[in-house]
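Trainee: Residue numbering for the sequence shown follows the numbering used here, starting at 109 and increasing by one per position.
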Amino acid sequence: MTERARGESSGVVGNERLTALIGAVVLVLSVAEIATVPTLGSLIVAHFFVGVLLAGPVVAKTASTGWRFIRYYSGDPAYRRKGPPRLLLRVMAPVLVVSTIALIGSGIALAITGPAPEILIRVHVVSFLVWLATLAVHVFAYVRRVPRLIADDWRRPLPRTRENGAAPGPSGRRMRLAVNIAALVLAAIAAVLLLPTAAPWEGWRGQAVTGLGVLAVAVCIGTAVAVMLKRR
Ligand code: HEM
């Protein structure tokens, strides 16, 4: 049953489609970033670039889900009708957001400081482990809805309604695409500007990085298998 058939407002559906599209971008970049970890010494430049690139879509994702959060708690009838996320996801959401900010924030701080401060490396590794675990559950819960939500934006464009104050016609899809492209372009500019900071790290052999990398790849494969089994 489509969202429209469920009587959901185009604002709510538009927000959900925006979150799903950004989620897909975050998923691709997260898997690419995890793939650099097992051989970090030789892939440190790619790790820096993809890590900073990820910051753009993550900010956009936090904004789109934050909008839903604010509209829900400020009593917006349409968002109230949609209801909150399931309890486990609701409880985990702040952990996912905070671990993501700690992971990317400590990564950028390490790019600026160089390999010196051990504490920053510890924050980066611990937030990575918390992020990996919470993201795996989050992706397992949502990844099956993402392709349909993105495809719907092309198959079933949302009508412009009085509610969003515009004349009838397809709306929002271009804005959703523009938000994603803007987030990626701004992050790519920052990533290029930060690339020279990778030089001191070239050849860096951190303890246990390979083990962390293998663990991360194993969690990705495990999540993918779980999603496929659930689908079947
Ligand atoms: C760094 C990574 C991510 C962060 C910080 C993040 C954050 C959030 C938050 C806070 C919510 C609202 C609470 C909830 O429903 O659980 C949410 C919802 C959602 N996320 Fe993520 N997420 C991330 C990655 C992803 C990925 C990789 C996907 C794609 C598989 C995804 C797809 C979704 C979907 C479909 C929703 C529900 C949207 C709705 O019903 O309105 N997220 N995300």
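All C-beta atoms, glycine included, are put in the ideal place defined by N, C-alpha and C.
All values derive from a computational prediction rather than experimental measurement.
Any idea what DSSP makes of S214, helix, strand or coil?
Mentor: Taking the first residue of the sequence shown as 1, we reach residue 214 at position 106. Helix at S214.
Trainee: DSSP state of T147, grouped into three classes?
Mentor: On the sequence shown, residue 147 is found 39 positions in, with the first residue counted as 1. Note: T147 maps to coil in three-state DSSP.
Trainee: Using the beta-carbon count (16 or more within 10 Å), is K338 buried or exposed?
Mentor: For this step, residue 338 is matched to residue 230 along the sequence shown. Looking at its Cβ environment, which holds fewer than 16 other Cβ atoms inside 10 Å, K338 is exposed.
Trainee: From V333 to A326, what does the alpha carbon distance come to, in whole angstroms?
Mentor: Along the sequence shown, read from residue 1 onward, the residue named residue 333 stands at position 225. Along the sequence shown, read from residue 1 onward, the residue named residue 326 stands at position 218. Approximately 10 angstroms, taken between the alpha carbons.
Trainee: Using C-beta distances below 8 angstroms, list every residue in its chain close to G222, excluding the 5 sequence neighbours before and after it, in chain order.
Mentor: Start at 1 with the first residue of the sequence shown, and residue 222 comes out as number 114. If we look at G222 and ignore the five residues flanking it on each side, its Cβ neighbours are T305, P308 and W309.
Trainee: In angstroms with no decimal places, state the Cα-to-Cα distance between D261 and R125.
Mentor: Counted from its first residue, the sequence shown places residue 261 at position 153. Counted from its first residue, the sequence shown places residue 125 at position 17. Distance between the alpha carbons of D261 and R125 is about 7 angstroms.
Trainee: Which whole-angstrom value describes the C-beta separation of T242 and V203, a residue pair presumed to lie in contact below a C-beta threshold of 8 angstroms?
Mentor: For the purposes of this step, residue 242 is taken as the residue at position 134 of the sequence shown. For the purposes of this step, residue 203 is taken as the residue at position 95 of the sequence shown. Rounded, the Cβ-Cβ distance is 5 angstroms, consistent with contact.
Trainee: I want to check one thing, is the minimum distance from the CB of T208 to the heavy atoms of the ligand HEM below 6 angstroms?
Mentor: Numbered from its first residue, the sequence shown carries residue 208 at position 100. T208: yes, Cβ under 6 angstroms from the ligand HEM.
Trainee: Return yes when the C-beta of A128 is under 6 angstroms from any heavy atom of the ligand HEM, and no when it is not.
Mentor: Taking the sequence shown and counting its residues from 1, the one referred to as residue 128 is at position 20. A128 Cβ: within cutoff of the ligand HEM.
Trainee: May I have the straight-line CA-CA distance separating F157 from A128, to the nearest angstrom?
Mentor: As a working note, residue 157 is residue 49 in the sequence shown. As a working note, residue 128 is residue 20 in the sequence shown. Going by the C-alpha atoms only, they are around 23 angstroms apart.
Trainee: According to DSSP, simplified to helix, strand and coil, what is E310?
Mentor: Numbered from its first residue, the sequence shown carries residue 310 at position 202. If DSSP states are grouped into helix, strand and coil, E310 belongs with coil.
Trainee: Quick one: is the Cβ of V134 within less than 6 angstroms of any heavy atom of the ligand HEM?
Mentor: Position 26 of the sequence shown holds residue 134. V134 Cβ: within cutoff of the ligand HEM.
Trainee: Do A324 and the ligand HEM come close, with the Cβ less than 6 angstroms from some heavy atom?
Mentor: Position 216 of the sequence shown holds residue 324. No, the beta carbon of A324 sits no closer than 6 angstroms to any heavy atom of the ligand HEM.
Trainee: Do F248 and T331 have their CB atoms nearer than 7 angstroms?
Mentor: By 1-based counting over the sequence shown, the position of residue 248 is 140. By 1-based counting over the sequence shown, the position of residue 331 is 223. Against a cut-off of 7 angstroms, the Cβ pair of T331 and F248 comes out as a contact.
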